[in-house]
Structure formats: C-alpha cells, structure tokens
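Student: Please read through the structure below; I'll follow up with questions.
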Amino acid sequence: MWKNTSSHASDEDDNENATFGFLDIVFSWSLKDVLNGNLYRNKVKKIPETFNSPTDYKNSFITPLLEETHSDLYSSLSTGVSHAPFCEVTKVERDIKEFRLPKALFYQLSLKSSTNVDEKDVVKYEPEAGDLIAFTDNRPRRADDLNTQRCPYTIAYVIAPKDDFSGEILILSSKCLTEFDFKKDNTKKMFAVQLMNMTTNIRIWKALNSQTEGEHLDLIKKVLRPCLNSGENCKICISRSKSESSFIQDDIIRAQNLNESQEDAVLSSISMINCYHSNTKLIWGPPGTGKTKTVACLLFSLLKLKTRTLTCAPTNTAILQVATRLHSLVKDSLEYDTYGLGDIVLFGNSNRMKLGSHPGLENIFLDNRVKNLMQCFNPSNGWKHTLEYTIQFLNDPEKEYVSEIGPKSLEDFAREKHRDVLYLYFTHRHASDKYIDKTFEEYLRESHKDIVKEYNESFMTMEEFVKKRFRELRERLKFLIQTLYTHLPKSFISLATVKIMFRAVELLRSIGISLYNAKFKNTLDENEKESIPACFELEVSNIEIAEFLRILTLLSSSISLPELNGRVPMEKFCLSNACLILCTVSSSIKLYTEGMTQVKFLVIDEAAQLKECESAIPLQLPGLQHCILIGDEKQLPALVKSKIADNCGFGRSMFERLVMLGYKKHMLNVQYRMHPSISLFPCKEFYDEKISDAPCVKEQSYNMTFLEGDMYASFSFINIAKGKEKFGRGHSLKNIVEAAVISEIIKNLKKEFIRTKKKVSIGIISPYNAQVFEIQAKIKQYTSVSDTDFTVSVRSVDGFQGGEEDIIIMSTVRSNGSGKVGFLSNRQRANVAMTRARYCLWILGNASTLANSDSIWRKLILDAKKRDCYHNADEDKKLARVIDDVLFELELLGESESSFKKLSLCEKPEDDSSSSRTMKPRGSSMRLMNQLRGVRSLREDMESLL
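Read in order, the letters of the sequence shown correspond to residues 95 to 1040 in this note's numbering.
See the structure below:
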C-alpha cells in the first residue's frame, strides 16, 4: 500500500490545523459561489488506491470534503431555504473576551422567545452548536432574500448553544454585525435561518489536518498496508491468548448461546489482545445474522478482560442499539444492583439520543453520570460532608436540634419573621395607654392572633425535628451510595466496600422504621449518653445505631474521592477511567484531550455505512493497537449528497477499501430474522447462498398469516400492471395506484387486527420520498399513535436500514413502457428493502417495467414466478375495485395514458401552465368524482356491516 517515500508537513498544514480553518473556507464563499454547483468540479480528484504516505492518504479527502459541504449548503439555499427553521434575533453584542478583528468576529445573540409569524409551517427554532445560520431582515422565500441591500449575505457558525443563565448564544460571524438592541427600534428586525449543521464535517476536517506523523498514524499505516495475514488470526501470538479465550468461552459465549460463526468472531477478536502482528479484523454481518448480539458479547468479553475499548457507530441510532444490548448483558451479570456500570460510559447529544426510550442507559450516560457524581464530590453537601454530619447528628441529635431549631419563644419568632409588627407594638404603646404595661408577647397574643397561629403551626418539636432530619439524611445517603457504586469505576470502589454500602442501606431502612414509631424524651439522660443518643427510647435499637455509626466511619475512610472542581474535569475523570466507551464516530474526537488514558481497542459497528475519512477520527487516537470493523458492504453505504464527491469515491468506507485490498472477512452465516421464503432470494443473490436459516425461523410458529389468500403468504410479488408513475414533491416520483392498493391492504390488516387482537408491526418502504408522503397521507385514517399493538411505519429504503418489522410492504413505484427504474436498480438499496421483514414481505410493482429493466428486479420477478409467489393485484376483488376507482378519478382529472407515457419517457415534470390546464377538472368531471366518492363510501359502509 505505502510507497517507500516520506513527506513533511508544511507551514500551510500548520495553518490548516487551526480550530476554525475549515470555517475560514466556508466563510470565504460568496452567495454566488454557493449557488455555483460546479465550484469544485475541476478540483476534486478521484481518491486513489495507493498513497505515498499517511499524509497523502488524509489529504486525498480534503477537497472532496469541501465539495460535499458546498453541495449540502447549495441544497439548503437553492431548494430548502423557504422551509428552513428560523428565529428572530432581538440583540447582537460583541463577545468582549474573544472579539478580535479581522477574523475573530465573536458575538452573543439574544433571541425572541417565540416567533411572531403566524404561518402554520413555522417551527420554533433554537440554534444548536455546530449550526450554520444566515442572517436576513425578513423570512426568506428564496436564496436571493439572504442578500439584500439592507442585509447583505452574512453567515455565522454557532459555537455554543443557549446559555442557561444569560440566555445568549455564542456565534462566530463571517462579517462584522452591527451591534443593536432590536427591542428599542421595532421597525428593524433580524432573523437567523438554519442552513445546515457542520459538526461532523468540522470534526472530519480536524482529523484530516491533525499532526501528520508520529504514533497517531501508527494504526492507519498498519491498516492500509496489506499483509499475508490480513484479517486472519495471528498464528505467532495465538498461543498467548488461549487462557483468555478459554475463560471467555466458558464464562460468556456458552451463556449467550452464540452460534459457531458468532463464537469464532468473538474469540478471534479476543485473541488479538496480546498480538502485535494482526491489528485489524473485519466481521461481515449480513441482515438478521445477530450482528448486534455478537458485538455486545465481544464488548462484554473485553470488559471482563479489562481491555480499554472505544466502540463507535456512524449514527446515534446504531450506537444506542449496541449500548442497549450491552447494558442488558452486563446488567444480568451484576452481583450487586448496578455496581460495575461505572466501567461503561456512553456519551453524545442527549436531545438527539432520546434516552427516555432506552430504559437503563441513563446509568451509563456521561451527562447523567457527571451531574450525579458532582453532587457526591461537592465539598459543602456531598459524600464526605453528609457522612460527617450524619455521624454527628446520630451521636448528639439534641445538640443539632438546639443549634438549628431550638425552642424559640413567640417573641423571638415574631422578631425574626415579622419585624414590622415590633414597630407597631412600640407605636401602639406610645399612642395608647391600653398597651403601656403589656409585654410584646402579650401584645401579640391579643392583637395578632394570626401570628400566634403561624407560630404554633411552624414550631417544630425535637421529636418532629429528629424524624424529619433522619428522613432527609436517609434519602440523601441512599442517593449518594447508589450514585457512587453505580457511576464510580470499579478501580475506585471495591466489592468489599459495596457490600458495606448495602448493609448501610439496610440499616437506614431498619432504623427509619424504628424511629418512626419511637417515643422521645425532652432532655438528655446522662446515664444513657454513652450507649445511645438519649432522645431515643428503646424502640430504636442501640445495636443497630452503633453498627451504623461504625459503618459510616469505615465508609468515610475507605472511599477516597479525588478533588475535582467543575464539569470538564469530571467528564475527563469518567472518560479516562472507563473500560468501555461508546459514542458516534465523529463524537470520538472528544477523547483527544490532554492527559486522557489511552484506548487500546477500537470497535466500529456499521462500518460499511461510514465514510472512510470519518473513520480517521478514532483511528488516530494515541495508543490504539487494534481495530475491529463490523458491517456489510452489500447494504447501503454512507449518504453523499454531492454527485461529484460520490463519483470520486468519497462515500467509500474503510470496510469496503479493506475488502478491495484483500482483507479476509469473518462472516456471520446464520440469519434469525426472516421466514425462509423471504430470505431465499437475497441470500442467493447477494451472499452466494452462504447464509443458512436459524432453526427458530423454520418452526411452524414462524408461518404467520395476517390476511387470507396466497397473495398474502410469507413472500409474494403483487403485480400492479395499471400503475401510473408521476412526479410528486420536487423531482421525486410517486404512484397513486400503488399507494391506494397499500391503503386498502392496511385497512384490511386493521380490520383483521380488530377481530383477532393479534399484535402486528408493519413497515411500508418506498425508494421515493414523494411516494412515502403519498402513502402516509393515504393510511393516516388507519393508524393511531396510541395503539402500540398495531403500528405502521412508512419510510424510504435509506431510512429503514437497520430496521425490521413483522410485515414489510414495498412500493417500487416505477411503471413505464421503457423499463426505466432509476436508482431502484441499485443492488444495495434492493438488498436493504428485501431483508427487513420477519414474517411477510409483499412487494408491489409493475412486473413488465421491472422485468424489462435488466436489473436485479428482473431476477426477482423470474424467481417469484418460479416459486408460484407471483400474483396479479386484480385477483383480489377489493384491490381490483380500488385500482379501477383510482384510474377513473385520474381519467376525470385528465391524466390520460398518453400523458403518463410522455412523463415516463422524458423523465421531466410538465411546466406549471401545462400542469394547470391538465390537472384542473371540469365541473361535470368534479360532479362525477363526488358521486363516485359517495358510492364508494356507501359500498364501504355496506361491507363493514356485512
């Protein structure tokens, strides 16, 4: 891979390493530059297969990254700006500490609490860190509205989200902004419009422009240098790992019932721990083969072996799946509640992760851990202070009562709480002989009975004080104890100490119950003082209190907490001492912190969905020795918006590159998701029949029937020969006939669900967004958010990657005489769509169009016919009637067959004037349509009655 040459970083490289070097380039683009789709066309070069040095490797991605960013911004401005979220700015101020001309243009923005625009499509927007925003004096309808005489094109990068105290947002602007308080001049307005989020791209930029030589690049050098044992177990060092493998095999693998391929994947990965020759392994995880389970078992094994490991995935969804499975696995193995979870930490954007739908993960989430541990470390009311006060309180509760409460007199109470009444008392004494001889207390009891009542209600006896204070201390101690054994790494708190903690919690409960029923004396009895706090009667066990005091003293000396002040040091403490760290790939840049404990193992899940340049972020971590990539290049790769960047190989993953270079993939070869009739075609077409069906999917119970008829068997292709493709939103296609058929199927499934109460989840997939919107509108009446037993999810193919449902219905949309299917022919997209179903997969489409496409869909049609899984939609009377109704409506609207043929051949939407003439129905046609709808409604009512 590497040629025997070397290169050195130039001064320009050092400048590019600046934190905001990337922003300098983006800020330099004028609005004309942004709207120029060919700005980088002649600058982007194809990413090569071999490189002169690691520096050349990283530099090859820099221009494509700029093109991808430019393409994303171009898309936002040219097509999305009218729908972009925005907010009103009420104040702009320089950040006094950071503002420095000519480039450090830092400002603080204040926002209006809610927008004053009444349009229904306006979404309340609050800029987040990483957002790129544009300023405008009015709500923009098109890109030109961002460049007016009053408000020239100005963009800014959001450095930090809204401050909780000041409510201000820190930004870095591309140009100087006029400092102005807009509240003082209602005639002037300024709006901030969201264009895109640049967080990931900036992190990639930093990784590509990091130091060019040294240990940070060691693993990249090794990974990209093919060797004889690429991806295979190292025979030189394998003997050293036999003891670890034996331990893992006995303790974990058998307990999790892994199949042979999963077991081999875990053991071969573990064998790399003590190896200095084999540094990279590829685990190939086709759909439904238990990839997440395998990853969780691998991580659990690394945890047992105390191997510090970073686990990444491209998205929050993917990393949460791994974290959830790992947490469940670890939780079941814990001996004492949540003790041991402190060795695992998950971090990321809490708002985007939505941890509320993942119970238990709050115990390993960094933000939550830091918040709770900061309470323990707090010197004023934390762990050490609470222990000391509790010991002091139990030894002499009356002293605490006197010092904190004390038996206040009515006069003292009034002087403290109602000083104005004291003034009235002296005034009345001088003004009337009635009060001349009365004391202040007598005056209060006679003239201010409301204060006397308040005094009587607020007076706390010693018994009330002791019970209340012990109850508060009990809850505080329980929280602190649970926080420490949950969130502290095991290296800071031993099992013996945790056992003592659990005994302390038992005693807290026991003493609390006894104390609740205890009677109190009013004074201390000196004879009892040595044995038990004298205010307690014998209902409170002297032995239990004495034991509890000994335990508190022991805990005070056995747990030594480091002195950490502030959130940042606490985060570093948690990350440095965790054994397993989980985050998105781009978020792993957080581990580039001075003094951070080095990571030895890197595990990247869904690695085939990750841009190769993004993997450079974790691959350059200091001390990293081994990398395990888990993925499937046969499914969809990373999304690249720029065709220019995509054509140069920017979307290729490191996983795919290593496969291309000859690295051996360890394949997971048993699938647990799909009914055998569903898995048959994709396993043969995409995986050379190397995947077998697990016993569970072959059982009779897996033959689920949701609707009657062969058309609704486990797998079927439903031919809709009369489908009509047309342009919907933007340049996306839709097929109203297919959408109507799907709506009818969903209606029938809902009726069957109401009859049987059999829980079912349904996924509807289409490669075209316009069809997704069309189907969502059609089936809305049959779905309900509150009905968790009958769920319907409608998404694009890309949006369904990684998902699975009981039933999958796919709408292929394309219906034309020329066999054009566009990006539907993409094999990776087809693979994803065909492998999401558990029990039933029903594919809808025009068989003639698909068969003439000379794509994978032709093979599917032939396979369906060969297996008697091919059906015509009009075989079902209900579907036939729905198709006829839709075609009749389309005919009334003037959408004739010829217009569809023209649309299919030219692949362009008609202009607005032509569309208006064609689409507008005449009065008689509209009356016929209304009559048709009335007949259809009556027919449906009769069917429901029958």
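No residue lacks a Cβ here, since even glycine has one placed at the ideal position from N, Cα and C.
Just tell me which of 361, 834 and 706 has its CA closest to the CA of residue 858.
Tutor: Residue 858 has its Cα closest to that of 834, out of 361, 834 and 706.
Student: Determine the DSSP secondary structure at residue 901, reduced to helix, strand or coil.
Tutor: Residue state, collapsed to three classes: strand.
Student: Output the distance between the C-alpha atoms of residue 987 and residue 173, rounded to the nearest integer angstrom.
Tutor: Whole-angstrom Cα-Cα distance: 29 Å.
Student: Quick one: any contact between the stretch 794-812 and the stretch 961-980, if contact means 3 or more CB pairs under 8 Å?
Tutor: Touching, per the Cβ criterion.
Student: Reducing DSSP to helix, strand and coil, say where residue 194 ends up.
Tutor: Strand at residue 194.
Student: Any idea which residues DSSP pairs residue 857 with across the strands?
Tutor: The partner list for residue 857 (beta bridge, DSSP) reads 887 and 902.
Student: Let me check understanding here. Comparing Cα to Cα, which of 530, 487, 478 and 860 lies closest to residue 565?
Tutor: Considering only alpha carbons, the answer is 487.
Student: State the CB to CB distance for the pair residue 762 and residue 378, rounded to an integer number of angstroms; the pair is presumed to be in contact (CB under 8 Å).
Tutor: Contact flag correct, Cβ pair sits at about 7 Å.
Student: What is the C-beta distance between residue 166 and residue 735, in whole angstroms, given that I count them as a contact (C-beta under 8 Å)?
Tutor: Contact holds; Cβ gap of about 5 Å.
Student: Throw me the rounded Cβ distance for the residue 711 and residue 683 pair, which I believe falls under 8 Å.
Tutor: At roughly 5 Å, the Cβ-Cβ gap stays under 8 Å, so residue 711 and residue 683 are in contact.
Student: Kindly indicate the opening and closing residues of the alpha helix (DSSP H) around residue 183.
Tutor: Taken as a continuous stretch (DSSP letters only), residue 183 belongs to no alpha helix (DSSP H), being part of the beta strand (DSSP E) at 180-188.
Student: Between residue 396 and residue 403, which are expected to be in contact by the criterion C-beta below 8 Å, what is the C-beta distance as a whole number of angstroms?
Tutor: The Cβ separation is near 5 Å, so the contact holds.
Student: Tell me, please, whether the stretch 472-485 touches the stretch 638-649 by the rule of three or more beta-carbon pairs shorter than 8 Å.
Tutor: Yes, they touch.
Student: Give me the DSSP bridge partner(s) of residue 204.
Tutor: Looking at the DSSP assignment, residue 204 forms a beta bridge with 185.
Student: Whole-angstrom Cβ separation of residue 205 and residue 182, contact assumed at under 8 Å?
Tutor: Confirmed, Cβ separation roughly 7 Å.
Student: Rounded to whole angstroms, what's the CA-CA distance from residue 764 to residue 727? Just pull it up for me.
Tutor: Computed Cα separation, rounded: 17 Å.
Student: From what residue to what residue does the alpha helix (DSSP H) around residue 917 run?
Tutor: Counting along the chain, residue 917 falls outside any alpha helix (DSSP H), and DSSP gives it neither H nor E.
Student: Output yes or no for whether 8 Å exceeds the beta carbon distance between residue 115 and residue 295.
Tutor: In this structure, residue 295 does not lie closer than 8 Å to residue 115 by Cβ.
Student: Using a threshold of 8 Å, state whether the C-beta atoms of residue 560 and residue 542 are closer than that.
Tutor: No; because the gap between Cβ atoms is not below 8 Å, this pair is not in contact.
Student: At a cut-off of 7 Å, would you count residue 235 as near the ligand MG, judging by its Cβ distance to the nearest heavy atom?
Tutor: As presented, the structure is devoid of all ligands, the ligand MG included, so that no description of it is given.
Student: Could you check which residue in 748, 704 and 720 has the C-alpha nearest to that of residue 733?
Tutor: Closest by alpha carbon: 704.
Student: Sort 438, 249, 261 and 162 by Cα distance to residue 203 and report the nearest one.
Tutor: When each option's Cα is compared against that of residue 203, the closest is 261.
Student: Taking a contact to mean a Cβ-Cβ separation below 8 Å, would you say residue 973 touches residue 838 in this structure?
Tutor: Result yes, Cβ atoms of residue 973 and residue 838 sit closer than 8 Å.
Student: Is there contact here, the stretch 590-606 with the stretch 425-445, by at least three beta-carbon pairs under 8 Å?
Tutor: In short, these stretches touch, since the Cβ pair count reaches three.
Student: Does residue 35 come out as helix, strand or coil in the three-state DSSP assignment?
Tutor: The first residue shown for the chain is 95 and the last is 1040, placing residue 35 beyond what the model contains.
Student: Whole angstroms are fine: how far does the CA of residue 877 sit from the CA of residue 908?
Tutor: About 26 Å.
Student: Would residue 905 pass as a contact of residue 832 if the rule is Cβ separation under 8 Å?
Tutor: Yes, they are a contact pair.
Student: Which value, in whole angstroms, describes the spacing of the CA atoms of residue 346 and residue 394?
Tutor: When rounded, the distance between both Cα atoms is 8 Å.
Student: Can you pull the DSSP bridge partners for residue 676?
Tutor: Partner(s): 405 and 440.
Student: On the premise that residue 455 lies in contact with residue 440, defined as a C-beta separation below 8 Å, what is that separation, rounded to the nearest angstrom?
Tutor: At roughly 6 Å, the Cβ-Cβ gap stays under 8 Å, so residue 440 and residue 455 are in contact.
Student: Can you give me the C-alpha to C-alpha distance between residue 409 and residue 678, rounded to a whole angstrom?
Tutor: Cα-Cα distance, rounded: 6 Å.
Student: Quick one: give me the first and last residue of the alpha helix (DSSP H) that residue 606 is part of.
Tutor: Note, residue 606: alpha helix (DSSP H), 589-611.
Student: Should the stretch 782-797 be called in touch with the stretch 943-955, which here means at least 3 C-beta pairs below 8 Å?
Tutor: Touching, no, given that fewer than three Cβ pairs across the two stretches are closer than 8 Å.
Student: Between residue 445 and residue 580, is the Cβ-Cβ spacing less than 8 Å?
Tutor: No, the pair does not count as a contact, with Cβ atoms beyond the cut-off.
Student: Using a threshold of 8 Å, state whether the C-beta atoms of residue 407 and residue 700 are closer than that.
Tutor: Closer than 8 Å, so yes.
Student: Short of 6 Å in beta carbon distance, which residues of its chain neighbour residue 748, apart from the five on each side in sequence? Order them along the chain.
Tutor: Here the set comprises 706 and 709.
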